[in-house]
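Student: So the sequence shown is residues -22 to -1, 1 to 230, counted in mature numbering (1 follows the signal peptide of the UniProt record, and there is no 0). Ideal Cβ placement from N, Cα and C applies to all residues, glycine included. These numbers were taken from a predicted model, which means no experiment stands behind them. Could you have a look at this structure, given as structure tokens, before my questions?
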Amino acid sequence: MFFRVASAILMAAALAAAPAHGATIRLVTNPWPPVQGPSMPEGGPSPAIIKAAAKAAGHTAEVTFMPWKRAKAMARAGSYDGLLAAWYTEARDRHYAYTQPYYSMRVGLMAHETFELRRYETLARLRGHRIGVLEGWGYPKPFKTAAQLDKVRYPNPEAAVDALLRDRVELVAMVESVFRHHAARMGAEPSAYRMLHPALMTPDLHVALSEKNPEAERLARALTRGLRRIKANGTYARILGRYGAMRQLSER
């Protein structure tokens, strides 16, 4: 009798320690070519990686695209299970459980080749220059709170890139590969633009699972296991091989 009870307790503990089998993980994010977008094959490399990781962990991942500000609100409210392609911020840490990172990116100040500066030692050196920034982005706190900088807000990367190409701003703060993608699509020569040094940050991309879901921590661990499996079996590398634009990012 004792052994039957002990076995039942151990089985219950094992079930409690594992995420619900076969869960559908509903993720939300924004269109962000060349990283991801609804018109891209498989939704782009970022969704393809996470869908493969979910499958390797015995789950299914679904991805919905919408503007980033709305995506954050929906995930935080629990309308979706989490955010895809989110980087870590202290503010988000209170509301999300993070997976292992699956990519890192360079975020910096993009400028035309003729811009007077190539590097800056302090943010004060940027005073007097109009800088395009993106609404809702998790910029580093010193940059985000630098009141002395002339920052112009834009709702999406396309609008910010267009502003730089039309000389409405002198700099835009964004992911280098995303800037070059949009600049090329708008008919500009991407090589005519460069990033000032140093970069503002090199954030990692994660899936951030909303704490509104009681399974958030467990699903984050499951996706992390899935990521490790697809890296080990070559699936991760094969997915990246299908997207030449991802060469501009740093593999994790």
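Since T92 sits in a beta bridge, which residues does DSSP pair it with?
Tutor: Within the sequence shown, the letter at position 114 stands for residue 92. Beta-bridge pairing links T92 to no other residue.
Student: In the DSSP assignment, find the unbroken beta strand (DSSP E) run with R172 in it and report its ends.
Tutor: Residue numbering aside, residue 172 sits at position 194 when the sequence shown is read from its first letter. Residues 171 to 173.
Student: So, under 8 Å CB-CB, A186 and Y74 are touching, yes? Tell me the CB distance rounded to an integer number of Å.
Tutor: Sequence index remark: in the sequence shown, residue 186 carries index 208 (1-based). Sequence index remark: in the sequence shown, residue 74 carries index 96 (1-based). Contact holds; Cβ gap of about 4 Å.
Student: Can you list the beta strand (DSSP E) stretches of 3 or more residues lying completely in the segment 44 to 73, in chain order?
Tutor: 60 to 64
Student: In or out: P192 buried (at least 16 other Cβ within 10 Å) or exposed?
Tutor: On the sequence shown, residue 192 is found 214 positions in, with the first residue counted as 1. So P192 ends up on the exposed side.
Student: Please report the Cβ distance between A31 and I208, rounded to the nearest whole angstrom; I am assuming they are in contact, meaning their Cβ atoms lie under 8 Å.
Tutor: Numbered from its first residue, the sequence shown carries residue 31 at position 53. Numbered from its first residue, the sequence shown carries residue 208 at position 230. Contact flag correct, Cβ pair sits at about 6 Å.
Student: Find out if the Cβ-Cβ distance for the pair L112, A138 is shorter than 8 Å.
Tutor: Working through the sequence shown from its first residue, we reach residue 112 at position 134. Working through the sequence shown from its first residue, we reach residue 138 at position 160. Yes, Cβ-Cβ distance for L112 and A138 is below 8 Å.
Student: Check for me: the alpha helix (DSSP H) holding D140 runs from which residue to which?
Tutor: For the purposes of this step, residue 140 is taken as the residue at position 162 of the sequence shown. Where D140 is concerned, the enclosing alpha helix (DSSP H) stretches over 135 to 143.
Student: For T38, which of helix, strand or coil comes out of DSSP?
Tutor: Looking up residue 38 in the sequence shown gives position 60. T38 falls in the strand class under three-state DSSP.
Student: Between the segment 46 to 62 and the segment 155 to 169, do at least 3 Cβ pairs fall closer than 8 Å?
Tutor: no
Student: Closest to R146 by C-alpha separation, out of K129, P45, M152, E94, would be which residue?
Tutor: In the sequence shown, counting from the first residue as 1, residue 146 sits at position 168. Of the listed residues, the one whose Cα sits closest to R146 is K129.
Student: Return helix, strand or coil for A(-10), following the three-state DSSP convention.
Tutor: Here residue -10 corresponds to residue number 13 of the sequence shown, with the count starting at 1. Note that A(-10) scores 40 on pLDDT, short of 50, meaning its location in the model is unreliable; the coordinates nonetheless yield the value given after this. In the structure shown, A(-10) adopts helical secondary structure according to DSSP, grouped into three states.
Student: When we look at the beta-carbon of S169 and count the other beta-carbons within 10 Å, is it buried (16 or more) or exposed?
Tutor: Counted from its first residue, the sequence shown places residue 169 at position 191. With fewer than 16 other Cβ atoms within 10 Å, it is exposed.
Student: Run the CB neighbour count on P164, radius 10 Å, all protein chains shown included, and call it buried at 16 or more, exposed below.
Tutor: As a position in the sequence shown, residue 164 is number 186, starting the count at 1. Checking the sequence, you will find Met at residue 164 rather than Pro. Its Cβ having fewer than 16 others within 10 Å, M164 is exposed.
Student: If you count every other CB in all the chains shown that lies within 10 Å of the CB of N211, and 16 or more means buried, which is it?
Tutor: Here residue 211 corresponds to residue number 233 of the sequence shown, with the count starting at 1. Classification for N211: exposed.
Student: Once DSSP output is grouped into helix, strand and coil, what is the label at T77?
Tutor: The residue given as residue 77 occupies position 99 in the sequence shown. Coil, per DSSP.
Student: If we call anything under 8 Å between Cβ atoms a contact, is E154 one with G110?
Tutor: In the sequence shown, the residue the question calls residue 154 occupies position 176. In the sequence shown, the residue the question calls residue 110 occupies position 132. No.
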